[in-house]
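If you're matching them up, the sequences are chains A and B in order. To convert, take the position in the first sequence, counting from 1, and add 2; that gives the numbering used here. To convert, take the position in the second sequence, counting from 1, and add 2; that gives the numbering used here. Each residue gets a CB set at the ideal place from its N, CA and C atoms; glycine is no exception. Here's the structure, in structure tokens; my notes come after.
Protein chains: 2
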Amino acid sequence: MITPYDSPQLDMILEALANQKRRGIVHYLSLQPATVSQLAKDHSLSLPAIHKHIRILEKAQLIVRKKVGRTNFVALNSKTLQLAKDWIGQYNTRFSSTSASLENYISRMRE
Amino acid sequence: MITPYDSPQLDMILEALANQKRRGIVHYLSLQPATVSQLAKDHSLSLPAIHKHIRILEKAQLIVRKKVGRTNFVALNSKTLQLAKDWIGQYNTRFSSTSASLENYISRMRE
DNA sequence: ATAAAAGTTAACCTAGTGGTTAACTATGAA
DNA sequence: TTCATAGTTAACCACTAGGTTAACTTTTAT
């Protein structure tokens, strides 16, 4: 499975994860599902504030929601997290020396 | 090495990657360094536009820059990419069934 | 000396984030 | 039926992204 860089879903996923509180929520939900109120309480956020975060996570499909009576249960959708993992995973971050390759490139260009 | 969810650098890294064109630039630079003008040309962006993208990537330390004369060379700093990899990597995305765990949690809560 | 090249910076635009308070809807409990 | 609970929505705020055009600086080539 290939995850191209030009995927709009990847935009939404990474945007959703580019926030400490939302990463906190993702982490929390990686341990167990929760209700919206529980999330608000445990992350010191007002209900309207948590609501907005949840909408962003939901739009990115990082979470799923199910309403039971007046209670909203939320769970992590880790399949979506895998898309981000796949994209970043294709880059080798171990065997490259940035400054060296830059200096090298520059001196080759200056010939 | 632990990458906690509440890292401000992670905010900047993921924010920088949450954009198709910047991921395109990252991909491009993963193959070889380039100049600012080359990036603008090969990504159909004006110089002011590419400049802003570069600033965001630079702020996140995803790239490094070196000025030689009037030419600006840019290279990928893959060490920073590793931080994002580390954070996402800690989540198991293979062996969890979201809906099942949610249903399960709900029925346990309703007892 | 002049002009082009390579960027940078400023000013402006629209749209979205992340929070607030206040008002509202829907469901459950007394 | 009345009240509390759980959540949503609206209106507002300051701030930032991502783009534009126009003006500017610095360096190189003619």
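If we ignore side chains and look at the alpha-carbon of each, how far apart do residue i and residue j end up?
{"i": "A:Leu-78", "j": "B:Leu-41", "result": "37 Å"}
{"i": "A:Ser-103", "j": "A:Asn-74", "result": "51 Å"}
{"i": "A:Lys-87", "j": "B:Ile-90", "result": "6 Å"}
{"i": "B:Asn-106", "j": "A:Ser-39", "result": "19 Å"}
{"i": "B:Gln-2", "j": "A:Asn-21", "result": "Past the edges of chain B, shown from 3 to 113, lies residue 2 of chain B, and the structure says nothing about it."}
{"i": "B:Lys-68", "j": "B:Leu-83", "result": "20 Å"}
{"i": "A:Val-28", "j": "A:Ile-58", "result": "12 Å"}
{"i": "B:Glu-64", "j": "B:Arg-110", "result": "The amino acid at residue 64 of chain B is misidentified as Glu; the sequence shows Leu. If I take the Cα positions, the gap works out to 45 Å."}
{"i": "B:Lys-23", "j": "B:His-55", "result": "8 Å"}
{"i": "B:Thr-10", "j": "B:Val-66", "result": "Going by the sequence as given, residue 10 of chain B is Pro instead of Thr. Between B:Pro-10 and B:Val-66, the C-alpha separation is close to 19 Å."}
{"i": "B:Ser-48", "j": "B:Met-14", "result": "23 Å"}
{"i": "B:Lys-60", "j": "B:Thr-37", "result": "According to the sequence provided, residue 60 of chain B is Glu. The question's Lys does not apply to it. Cα-Cα distance, rounded: 14 Å."}
{"i": "A:Asn-114", "j": "B:Arg-72", "result": "This structure does not reach residue 114 of chain A, given that chain A is present from 3 up to 113, and the question cannot be answered."}
{"i": "A:Ile-108", "j": "A:Asp-8", "result": "29 Å"}
{"i": "B:Lys-43", "j": "B:Arg-96", "result": "40 Å"}
{"i": "B:Gln-112", "j": "A:Ala-62", "result": "Before going further, note that residue 112 of chain B is Arg rather than Gln in the sequence given. Roughly 29 Å separates the two Cα atoms."}
Name the one or two DSSP bridge partners that residue i has.
{"i": "B:Asn-106", "result": "Looking at the DSSP assignment, B:Asn-106 forms no beta bridge with any residue, so it has no partner."}
{"i": "B:Lys-69", "result": "B:Asn-74"}
{"i": "A:Ala-36", "result": "A:Val-76"}
Report yes if the CB atom of residue i is closer than 9 Å to the CB atom of residue j, and no otherwise.
{"i": "B:Leu-19", "j": "A:Leu-16", "result": "yes"}
{"i": "A:Thr-100", "j": "B:Ser-32", "result": "no"}
{"i": "B:Tyr-30", "j": "B:His-45", "result": "yes"}
{"i": "A:Val-76", "j": "A:Pro-35", "result": "yes"}
So, is residue i buried or exposed, given that buried needs 16 or more other C-beta atoms within 10 angstroms?
{"i": "B:Pro-6", "result": "exposed"}
{"i": "B:Val-70", "result": "exposed"}
{"i": "A:Leu-12", "result": "buried"}
{"i": "A:Arg-25", "result": "buried"}
### Message
Please list, in chain order, the residues of the stretch 13-29 of chain A that have any C-beta partner in chain B closer than 7 Å.
### Response
Asp-13, Leu-16, Glu-17, Leu-19, Ala-20, Asn-21, Gln-22, Arg-25, Gly-26 and His-29
### Proximal residues, the stretch 50-69 of chain B versus chain A, C-beta separation under 9 Å
Ile-65, Val-66, Arg-67 and Lys-68
### Query
In the stretch 32-49 of chain A, which residues sit with their C-beta less than 7 Å from some C-beta in chain B, listed in chain order?
Ser-32, Gln-34 and Pro-35
### Query
Which residues, in order along the stretch 78-91 of chain A, keep a beta-carbon less than 8 Å from a beta-carbon of chain B?
Answer in chain order: Leu-78, Asn-79, Ser-80, Lys-81, Leu-83, Gln-84, Ala-86, Lys-87, Trp-89, Ile-90 and Gly-91.
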